[in-house]
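2 protein chains.
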Amino acid sequence: MITGKNYIGNTLSSKGTISYKTFNPQLNVENPTEFLEATREEISIALGLASEAYKAFRKKDGKQKALFLNTIADEILNLEDELINTYCEESGLTVGRAQGERGRTIGQLRSFATLVENGSWVEASIDPADPDCSPMAKSDVRKMFMPLGPVVVFGASNFPLAYSTAGGDTAAALAAGCPVIIKSHPMHAGTGELVASAVIKAAEKTGMPNGVFSNINAGGISVGSQLVSHSSVKAVGFTGSIRGGRALLDLASKRDEPIPVFAEMGSVNPVVMLPKALENRATDLGKIYAGSITLGTGQFCTNPGLIFGLKGKGLSIFVQTLGEEILRVVPMSMLHPNILGAYEGNKARAISQENTNIVANYNADVKANYAQQGVLTVDGAVFSENPTLHQEVFGPFSIVVQCDDKEQLETIISKLEGQLTGTVIADNNEEQNYEDLISTLQNRVGRLVFNGVPTGVEVTAAMHHGGPYPASTDSRFTAVGIHSIKRWVRPISYQDWPNNLLPKELQNENPLGITRSINGEISTRKI
Amino acid sequence: MITGKNYIGNTLSSKGTISYKTFNPQLNVENPTEFLEATREEISIALGLASEAYKAFRKKDGKQKALFLNTIADEILNLEDELINTYCEESGLTVGRAQGERGRTIGQLRSFATLVENGSWVEASIDPADPDCSPMAKSDVRKMFMPLGPVVVFGASNFPLAYSTAGGDTAAALAAGCPVIIKSHPMHAGTGELVASAVIKAAEKTGMPNGVFSNINAGGISVGSQLVSHSSVKAVGFTGSIRGGRALLDLASKRDEPIPVFAEMGSVNPVVMLPKALENRATDLGKIYAGSITLGTGQFCTNPGLIFGLKGKGLSIFVQTLGEEILRVVPMSMLHPNILGAYEGNKARAISQENTNIVANYNADVKANYAQQGVLTVDGAVFSENPTLHQEVFGPFSIVVQCDDKEQLETIISKLEGQLTGTVIADNNEEQNYEDLISTLQNRVGRLVFNGVPTGVEVTAAMHHGGPYPASTDSRFTAVGIHSIKRWVRPISYQDWPNNLLPKELQNENPLGITRSINGEISTRKI
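Top to bottom, those sequences are chains A and B. Under my numbering, the letters of the first sequence match residues 13 to 539, in that order. Under my numbering, the letters of the second sequence match residues 13 to 539, in that order.
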């Protein structure tokens with residue numbers, strides 16, 4: 013049952029007076045529950061509990077943390093249709109999408125459970141003592157990861173489950189041993205509270221300390237600022253706009269003790285279509301990209317917002333097909349009237365730029381909150397000179413940039429801002445003639461895709477989801493996949509430390525049987 | 013030969029008019045060479061060259077980079093006595109220390125050469141395609157590290173070789189594939205230029221692109237600010253004061269594109285002496301710590317500035333012995349009159365605090381620029397209330413904090429700022445009764461030392477040199493040892509990328525024979 017209250021640790025709390033409601037974009041009405049924004053006092057209690065909980069939680073072993081994570085997954089499934097229905101009512105997304113995203117969320121929780129149960133993720137590294145070393149005896153030094161401390165996670169509007177309350181950031185932080193304070197996303201506060209109730213149940217069932225998890229409601233930005241500025245908080249996870257992410261980064265940088273902010277922000281995900289591919293399969297590419305641009309009503313951070321090609325017959329056919337196909341896509345609602353409003357504003361601004369051509373702009377009647385997709389073309393020279401056209405239009409919209417030649421294309425790519433992905437479409441090994449271009453593209457992105465679409469991010473160890481700023485605030489860390497756990501930890505070394513006081517991961521006997529690096533050699537052996 | 017000029021890439025350049033000289037603290041005179049501060053134009057040329065060089069340098073394979081690094085080491089050795097003499101003239105340190113530090117510098121360069129020649133450091137991770145995966149075919153995704161781009165390294169005053177021009181930061185950055193621009197430390201500009209000449213020679217001999225390395229002279233702070241603010245720079249390495257490191261971090265955070273700053277800053281390196289150890293060996297500990305506090309005239313970031321014990325006979329004997337022994341140490345010069353001045357000021361400020369007791373304060377006549385060592389005691393309650401006493405006094409000085417009980421000690425430790433190290437001195441397994449205290453200490457430090465001294469940092473894989481702020485700006489990365497290479501790289505993923513266009517590290521055949529993670533299993537196998 014959704015109460016509209018905050019979880020301050022395990023306790024439902026509603027001391028505040030500021031309230032807000034979520035919105036059903038399909039029905040174009042507010043949902044009934046009133047959510048009460050957390051007060052300064054409630055926030056302070058939640059952070060105090062988190063700091064205390066950290067002391068006990070970071071000592072939980074991998075099996076205990078795995079049980080916690082798996083129990084969260086079980087409890088989320090136990091929410092059954094109430095969760096799916098609330099998700100749909102608060103996002104306008106389909107039941108299929110809700111179920112798919114729940115599956116992804118469950119999968120993430122279980123994959124982190126497996127990771128910490130196995131235990132090797134701590135990157136244990138041991139350099140045994142060498143008393144005969146010259147000029148001085150060498151100490152025994154051993155290193156592994158330890159959790160940073162309480163972490164604040166900001167839920168993402170476009171992933172009410174997989175990148176919100178018990179999504180990727182939370183699963184990774186809990187797996188690392190960090191208590192999590194969620195700043196619930198106001199657009200899906202009910203979904204958030206339901207998932208939070210599942211996390212709290214799991215924490216209680218598996219004996220986790222009170223304060224290991226809190227869920228904080230907030231309609232505006234001041235609660236988030238308080239959280240990020242608080243001295244108990246040791247790191248921040250965020251998925252959202254460049255403006256929002258940058259504001260948090262700036263806040264965190266100004267603290268007495270600056271803390272890391274992992275913000276996964278905007279991206280236009282450039283796609284480069286090489287001439288032979290356009291010559292051979294312009295029509296197919298037009299169809300495929302009409303699908304990728306409108307997938308999830310364009311509300312993915314990997315949405316292809318810029319497509320580049322060299323002028324010619326192939327590109328013309330591609331543009332024509334893309335325009336026709338995208339108009340065939342049945343419009344869908346966006347997550348919230350505010351997101352639709354931003355989309356319409358950004359699209360209109362792009363279209364109003366000089367020397368651009370509208371290829372497609374859906375303009376039949378649509379229901380309230382439904383997005384009208386569009387495609388624009390622009391010449392490379394015009395694009396080069398107009399930074400407005402480089403900016404993300406979050407929604408089902410893309411710009412095709414028609415370049416005069418390879419050199420112009422490469423120059424444009426070299427000047428793009430940092431991106432999550434860069435895609436190359438090529439046939440007949442033509443990519444081998446574009447080595448410099450690809451090298452330039454690589455420099456601007458976190459993931460290179462060949463002959464595919466950027467949408468769809470596999471949750472695998474080898475996935476890197478993050479790119480040079482402003483795609484993310486720290487390109488060295490991924491927001492997707494098991495390596496995202498590295499955002500929430502720091503190494504600690506033990507020098508000549510007594511074996512029985514070492515964490516099990518570093519003890520001579522290797523009681524957990526984990527993989528370790530001993531004098532640079534990787535093994536599971538004892539010492 | 014020292015010219016006083018800048019290396020702008022491979023070219024000696026002196027377009028500026030602002031000049032400065034280094035200082036011989038032993039002779040208390042300026043050294044003769046005039047160093048010319050780089051102009052804005054020279055800086056701009058160096059950064060342009062670095063950006064261009066990055067394109068070619070990042071494609072050099074491990075063998076080529078290893079040859080470059082080993083040749084730098086060779087060329088540094090070829091500088092022979094000119095380097096050692098200049099080092100001594102600019103630092104006042106001994107020939108033995110100069111030779112030792114040169115050995116460490118050479119060792120670091122060669123260890124990074126070995127690392128990149130082996131190649132496994134890129135953490136290659138491969139998740140092969142799975143066309144049968146349900147509900148959707150799985151893409152082939154492969155990930156490895158790539159270099160960030162041009163890096164600015166600020167030389168450290170207290171390590172003219174090992175943490176300056178071709179020191180740890182530079183060796184790691186070049187190994188990663190990042191061009192390096194050195195902001196030469198003005199106190200040892202001649203040592204810096206000599207080492208820079210060795211790097212440039214090595215770059216030319218091994219066919220590295222012009223701009224892979226530049227050495228920028230600067231007497232003040234404006235050149236450093238220009239470097240950190242420049243859009244071509246992608247990361248910063250710094251070793252020095254909290255004030256200096258924080259200023260760079262703030263500059264980097266305000267850029268349009270914020271960049272990581274790895275500043276290894278101050279630390280007071282708390283030492284906790286438990287009662288049984290003090291009871292059993294107070295005298296020995298007094299002698300050992302008199303040595304650790306005065307090692308290198310206290311000019312190490314791991315110098316033990318705070319020693320904690322519980323009041324009692326053992327602690328009294330320790331304090332008495334420490335006071336006597338430290339006065340027996342023969343004073344030595346500090347690196348520069350400015351550093352001595354800061355030491356004297358900070359020491360006087362600590363001594364002037366209310367309710368502190370001077371145990372030792374060397375006051376015989378000393379030569380100019382020689383430091384007078386000292387020890388102060390203070391009660392736990394007084395220390396708790398006076399933050400001034402928590403601050404680093406860089407030099408041969410330490411405060412012994414006499415605590416009433418375990419609880420007071422633990423509370424004090426929990427409120428310390430972040431530290432590079434924390435040391436526990438214990439006998440007869442007494443440490444087992446101080447689990448909470450040790451856990452609290454662990455939370456504040458990057459390295460725990462048992463029954464030793466914090467000074468002396470082994471260059472090993474398991475060493476972590478960095479701690480919670482303000483010990484360093486990013487506790488997740490080490491400044492010492494091969495893992496420090498991770499500061500200068502970011503992961504990139506390749507999705508369905510053609511095998512022949514992949515970096516060798518990710519190709520099916522594993523032509524480099526490196527260790528990779530394939531579907532989570534670590535091996536050197538082909539695919």
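Just so you know, even glycine gets a beta-carbon here, dropped at the ideal spot from N, CA and C. Since the model is a prediction, treat every value here as computed from it, not as a measurement.
Of the residues Thr182/A, Ala362/A, Gly303/A and Val134/A, which one's Cα is nearest the Cα of Pro343/A? Gly303/A
If you measure from the beta carbon of Gln454/A to each beta carbon in chain B, is any gap under 9 angstroms? yes
If you drop the 5 nearest sequence neighbours on each side, which residues of the same chain put their C-beta closer than 6 angstroms to that of Ala491/A? Glu276, His477 and Gly478
I'd like to check one pair, Thr182/B with Ile194/B: are the Cβ atoms closer than 9 angstroms? yes
Nearest-angstrom Cα separation, counted from Glu442/A out to Gly326/A: 15 angstroms
Extract the residue ranges of the alpha helix (DSSP H) inside the stretch 159-207 of chain B, only unbroken runs of 4 or more that lie entirely within it. 180-188
Should the stretch 132-144 of chain B be regarded as contacting the stretch 509-528 of chain B, the criterion being three or more beta carbon pairs within less than 8 angstroms? yes
Does any residue of chain A bring its CB to less than 9 angstroms from the CB of Phe462/B? Closer than 9 angstroms to some Cβ of chain A, the Cβ of Phe462/B qualifies, so yes.
Helix, strand or coil: how does DSSP classify Pro349/A here? helix
Taking the alpha-carbon of Ile212/B as reference, which of Phe80/B, Phe124/B and Ile118/B has the nearest alpha-carbon? Phe80/B
Report, in whole angstroms, the separation of the C-beta atoms of Ala210/B and Ile88/B, which I expect to be a contact under 8 angstroms. 5 angstroms
Going by the DSSP bridge assignment, what does Pro221/A pair with across the sheet? Residue pairing of Pro221/A in beta bridges, as defined by DSSP: absent, with no partner found.
Spatial neighbours of Pro626/B in its chain, beta-carbon cut-off 7 angstroms, leaving aside the 5 residues before and after: Because chain B is modelled from 13 through 539, residue 626/B falls outside the range shown and cannot be assessed.
Same chain, Cβ closer than 7 angstroms to Lys75/B, five either side skipped, listed in chain order: Glu129
In terms of residue numbering, what span does the beta strand (DSSP E) encompassing Arg258/A cover? Taken as a continuous stretch (DSSP letters only), Arg258/A belongs to no beta strand (DSSP E), being part of the alpha helix (DSSP H) at Ile254 to Lys266.
Am I right that Ile96/B and Ala110/B are in contact with their C-beta atoms under 8 angstroms? What's the rounded C-beta distance? 5 angstroms
For my contact list, Val390/A and Gln384/A are in at a C-beta cut-off of 8 angstroms; report their separation, rounded to the angstrom. With a Cβ gap of about 20 angstroms, Val390/A and Gln384/A do not count as contacting.
Compare the C-alpha of Cys313/A against each of Lys323/A, Pro282/A, Gln332/A and Asp296/A and name the closest. Pro282/A
Is the beta carbon of Gln420/B sitting closer than 9 angstroms to the one on Val371/B? no
I want to see whether chain A comes within less than 9 angstroms of Val134/B, judged by CB atoms only; does it? no
Exposure of Cys145/B, with buried meaning 16 or more beta-carbon neighbours within 10 Å: exposed
Out of Tyr382/A, Asp508/A, Ile425/A and Thr98/A, state which residue places its alpha-carbon closest to the alpha-carbon of His200/A. Of Tyr382/A, Asp508/A, Ile425/A and Thr98/A, the residue nearest in Cα terms is Thr98/A.
Just the Cα atoms here: how many angstroms apart are Gln498/B and Val165/B? Rather than Gln, the amino acid found at residue 498/B in this sequence is Lys. Approximately 15 angstroms, taken between the alpha carbons.
Determine, using beta carbons only, whether Pro198/A and Asn315/A come nearer to each other than 9 angstroms. Result no, Cβ atoms of Pro198/A and Asn315/A do not sit closer than 9 angstroms.
Give me, in chain order, the residues of the same chain whose beta-carbon lies closer than 6 angstroms to that of Arg154/A; leave out the 5 immediate sequence neighbours on both sides. Closer than 6 angstroms at the Cβ level, and outside the excluded window around Arg154/A, lie Ile138, Tyr506 and Leu518.
Under 9 angstroms between C-beta atoms, does Asp138/A make it to chain B? At residue 138/A the sequence reads Ile, which differs from the Asp that was named. Ile138/A counts as touching chain B.
Give the DSSP-derived three-state secondary structure of Ser56/A in the structure shown. helix
Proximity test, Cβ basis, 9 angstroms: Met475/B and chain A: yes
Measuring straight from C-alpha to C-alpha, what distance separates Arg70/B and Gly219/B? 13 angstroms
Going by other Cβ atoms of all chains shown within 10 Å of its Cβ, with 16 needed for buried, is Asp152/A buried or exposed? buried
In angstroms with no decimal places, state the Cα-to-Cα distance between Lys418/B and Thr435/B. Roughly 16 angstroms separates the two Cα atoms.
Spell out the partners DSSP gives Asp156/B in its beta bridges. Before going further, note that residue 156/B is Met rather than Asp in the sequence given. The partner list for Met156/B (beta bridge, DSSP) reads Ile504/B.
State the start and end residues of the unbroken beta strand (DSSP E) segment that holds Glu533/B. Glu533 to Ser535
Comparing alpha-carbon positions, which option in Ser426/A, Gly386/A, Thr368/A and Gly249/A lies nearest Gly407/A? Gly386/A
Can you list, in chain order, the stretches of the beta strand (DSSP E) that have 3 or more residues and sit fully within the stretch 270-300 of chain A? Taking only runs of at least 3 residues, the beta strand (DSSP E) segments lying wholly in the stretch 270-300 of chain A are 273-276 and 283-285.
Cβ-based neighbour list, Pro221/B, same chain, cut-off 6 angstroms, excluding 5 preceding and 5 following: Ala65, Ala68 and Phe69
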